[in-house]
Amino acid sequence: MGLTGMARAGRAETPAAAWPLGKMGACASVTLEGERLTVRTPLVRTACRLTFVGDAHYATDDARGELYRQYSKRMSGGPRDMAGLRKDLERVKRSGGQAAFFLGDMLNFPSEAGVERLAAVIRQAPLPTHYVAGNHDWHYEGLPGAEVDLRAEWIKKRLLPLYGGRDPMGYAVRVGDVKVVLVDDSTYRMLPEQVAFLRRELAEGVPTVLGVHVPLYVPWRRADIFFGVGHPDWDAAHDPYWEIERRERWPVDGHDATTYAFWREAFAAPNLLGVVAGHIHAQSLDCFHGRFQFVLPKAQPREVWITTA
Ligand SMILES: [Fe+2]
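Residue numbers (our numbering): 8 to 316.
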């Protein structure tokens with residue numbers, strides 16, 4: 008067992024020692040050209056065109072947000088008008104896109120005005136459009152409480168209109184031969200019910216793309232703590248922004264066994280084609296063991312075209 012796999016005192020054992028996981032993924036090839044990622048796999052018969060957008064960081068607000076100004080102030084500098092996002096979706100539809108997915112941090116804070124306008128964009132979109140939260144969507148900086156509780160509270164208070172009645176912690180969407188599973192990983196920490204949900208969805212055997220906000224850890228990106236779900240160094244000592252973001256600090260003991268179990272469920276499934284994520288604000292692509300992780304640039308749509316090998 009290597010150093011990264013050893014359980015340190017008080018810590019859950021990291022999954023990295025088992026990397027790469029036993030079963031190969033099903034991507035025959037992964038190609039990035041311009042704004043399109045092409046994934047070829049023998050698991051699909053009909054091609055499918057998915058569009059992903061993350062980190063638009065709208066700071067849309069109005070007089071109703073006055074009460075929360077002290078909590079929204081630092082993040083109030085973003086764009087407010089969502090006309091550009093509507094145009095992006097129209098362009099995607101015209102070019103043959105079948106579904107769009109917003110992977111979190113579309114809002115800088117959960118203002119009523121921001122949620123109303125984003126919900127209208129989703130509702131009026133020219134193609135099926137789905138949303139999952141990022142760490143900023145539900146966060147008014149400086150409100151006391153554990154992140155997992157604040158997320159639950161503000162999703163219930165504000166964000167619910169964005170989900171079209173689906174479960175904010177995780178839901179699946181079929182697009183042709185492919186399933187897109189959206190899971191909220193915006194606290195970096197996974198809940199036991201999310202592990203069970205992912206396991207159930209993957210067990211159906213349908214070729215699946217996992218859409219999340221925070222990228223999953225891959226061992227050669229250990230220097231980047233924000234590839235944080237399952238990252239063995241994700242802990243209080245490596246948390247650079249807790250004071251700036253006025254939030255609960257990451258735990259001293261790092262991830263628990265549940266989050267590592269989620270990581271393992273994802274990367275051990277033979278029908279998990281890959282992961283699309285946001286959060287980093289810089290595009291990157293990792294291909295490994297028949298799978299991919301594609302991280303989106305800030306606010307720019309990217310197409311994932313899944314076609315037969
Ligand atoms: Fe983020």
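Glycine included, C-beta positions come from ideal geometry on N, C-alpha and C.
Review point. For ASP95 versus GLY141, is the C-beta spacing smaller than 8 Å?
Key: For this step, residue 95 is matched to residue 88 along the sequence shown. For this step, residue 141 is matched to residue 134 along the sequence shown. Against a cut-off of 8 Å, the Cβ pair of GLY141 and ASP95 comes out as no contact.
Point to revise | Span separating the alpha-carbon of GLU148 from that of GLU123 | key: Position 141 of the sequence shown, counted from the start, is the residue given in the question as residue 148. Position 116 of the sequence shown, counted from the start, is the residue given in the question as residue 123. Distance between the alpha carbons of GLU148 and GLU123 is about 20 Å.
Practice item. Flag this pair as yes or no: are the beta carbons of GLY177 and ASP156 separated by less than 8 Å? Key: Against the sequence shown, residue 177 aligns to sequence position 170. Against the sequence shown, residue 156 aligns to sequence position 149. No; because the gap between Cβ atoms is not below 8 Å, this pair is not in contact.
Practice item. Identify which residue in PRO133, GLU119, ALA33 and THR21 has its Cα closest to the Cα of PHE295. Key: Residue mapping note: residue 295 aligns to position 288 of the sequence shown, counting from 1. The candidate whose alpha carbon is nearest that of PHE295 is ALA33.
Check your understanding: Between the C-alpha atoms of GLY12 and GLY29, what's the straight-line distance to the nearest angstrom?
Key -> Numbered from its first residue, the sequence shown carries residue 12 at position 5. Numbered from its first residue, the sequence shown carries residue 29 at position 22. For GLY12, the predicted structure reports a pLDDT of 46, less than 50, and the residue's modelled location is therefore unreliable. A value from the coordinates is still provided. C-alpha separation (whole angstroms): 16 Å.
Point to revise | Start-end ranges of the alpha helix (DSSP H) lying completely within the segment 210 to 258, minimum 4 residues | key: The qualifying runs do not exist here; there are none.
Review point. Which residues in the same chain as LEU44 place their Cβ atom closer than 6 Å to its Cβ, once the five residues preceding and following it in sequence are excluded?
Key: To locate residue 44, count along the sequence shown from 1; it is residue 37. The residues are PHE301 and VAL311.
Point to revise | Contact belief for ASP246 with TRP257 at Cβ below 8 Å, rounded distance in angstroms | key: The residue you call residue 246 lines up with position 239 of the sequence shown. The residue you call residue 257 lines up with position 250 of the sequence shown. Sure, about 4 Å apart at Cβ, within 8 Å.
Review point. Looking at GLY183 and THR53, is the spacing between their C-beta atoms short of 8 Å?
Key: Along the sequence shown, one-based indexing puts residue 53 at 46. Along the sequence shown, one-based indexing puts residue 183 at 176. It is a contact, given that the beta carbons lie within the stated cut-off.
**Study point:** Ordered list of alpha helix (DSSP H) runs contained in the segment 16 to 47, each at least 4 residues
**Key:** For the segment 16 to 47, not a single whole alpha helix (DSSP H) run of length 4 or above is found.
Check your understanding: Quick one: is the Cβ of GLY121 within less than 7 Å of any heavy atom of ligand 1?
Key -> Locating residue 121 in the sequence shown gives position 114, where the first residue counts as 1. GLY121 Cβ: outside cutoff for every heavy atom of ligand 1.
Practice item. Please list, in chain order, all residues of the same chain as ARG309 whose beta carbon is under 6 Å from its beta carbon, the five residues on each side excluded. Key: Your numbering for residue 309 matches position 302 in the sequence shown. Excluding residues within five positions, the ones whose Cβ falls inside 6 Å are GLU42, PHE59 and LEU303.
Exercise for review: Closer than 5 Å is what we want: which residues have a beta carbon that near any heavy atom of ligand 1? List them in chain order.
Suggested key: ASP112, GLY141, ASN142 and HIS286
Check your understanding: Cβ of VAL259 within 8 Å of Cβ of LEU217?
Key -> Taking the first residue of the sequence shown as 1, we reach residue 259 at position 252. Taking the first residue of the sequence shown as 1, we reach residue 217 at position 210. Cβ distance not < 8 Å, so VAL259 and LEU217 don't count as in contact.
**Study point:** Where SER79 sits in the DSSP three-state scheme
**Key:** As a position in the sequence shown, residue 79 is number 72, starting the count at 1. The answer is helix: DSSP assigns SER79 an H, G or I state.
Review point. Taking the continuous beta strand (DSSP E) assigned at TYR138, which residues delimit it?
Key: As a working note, residue 138 is residue 131 in the sequence shown. Note, TYR138: beta strand (DSSP E), 136 to 139.
Exercise for review: Note down the Cα distance separating LEU209 from THR67, rounded to an integer number of angstroms.
Suggested key: Counting from one through the sequence shown, the residue named residue 209 turns up at place 202. Counting from one through the sequence shown, the residue named residue 67 turns up at place 60. Their backbone Cα atoms lie some 37 Å apart in a straight line.
Review point. What is the DSSP secondary structure of LEU125, counted as helix, strand or coil?
Key: Position 118 of the sequence shown, counted from the start, is the residue given in the question as residue 125. LEU125 falls in the helix class under three-state DSSP.
Check your understanding: Mind checking ARG76: buried by the 16 CB within 10 Å criterion, or exposed?
Key -> Taking the sequence shown and counting its residues from 1, one reaches residue 76 at position 69. Exposed, by the Cβ-count rule.
Review point. If you draw a straight line from the alpha carbon of TYR248 to that of LEU134, how long is it in whole angstroms?
Key: As a first step, residue 248 is located in the sequence shown; it is residue number 241 there, counting from the start. As a first step, residue 134 is located in the sequence shown; it is residue number 127 there, counting from the start. If I take the Cα positions, the gap works out to 36 Å.
Check your understanding: Three-state secondary structure (DSSP) at PHE274?
Key -> As a working mapping, residue 274 is identified with position 267 in the sequence shown. In the structure shown, PHE274 sits in a helix (DSSP, three-state: H, G or I).
Point to revise | Option in LEU292, VAL283 and TRP270 with minimal Cα separation from THR21 | key: Position 14 of the sequence shown, counting from 1, holds the residue named residue 21. Among LEU292, VAL283 and TRP270, the Cα nearest to that of THR21 belongs to TRP270.
Check your understanding: When burial is assigned at 16 or more other CB atoms within 10 Å of the CB, is ASP62 buried or exposed?
Key -> Here residue 62 corresponds to residue number 55 of the sequence shown, with the count starting at 1. It counts as buried.
Check your understanding: For TRP312, which residues does DSSP report across the bridge?
Key -> Counting from 1 along the sequence shown, the entry for residue 312 is found at position 305. DSSP, once it has assigned bridges, lists THR45 and ARG56 as partnering TRP312.
Check your understanding: If you follow the beta strand (DSSP E) that ALA90 is part of, which residue opens it and which one closes it?
Key -> Locating residue 90 in the sequence shown gives position 83, counting from the first residue. Looking at the DSSP string, ALA90 is not in any beta strand (DSSP E); the run it does join, the alpha helix (DSSP H), is 90 to 101.
Check your understanding: From GLY281, HIS143 and ILE162, pick the residue whose C-alpha is nearest to that of LEU223; which is it?
Key -> Sequence index remark: in the sequence shown, residue 223 carries index 216 (1-based). The shortest C-alpha separation from LEU223 is found at GLY281.
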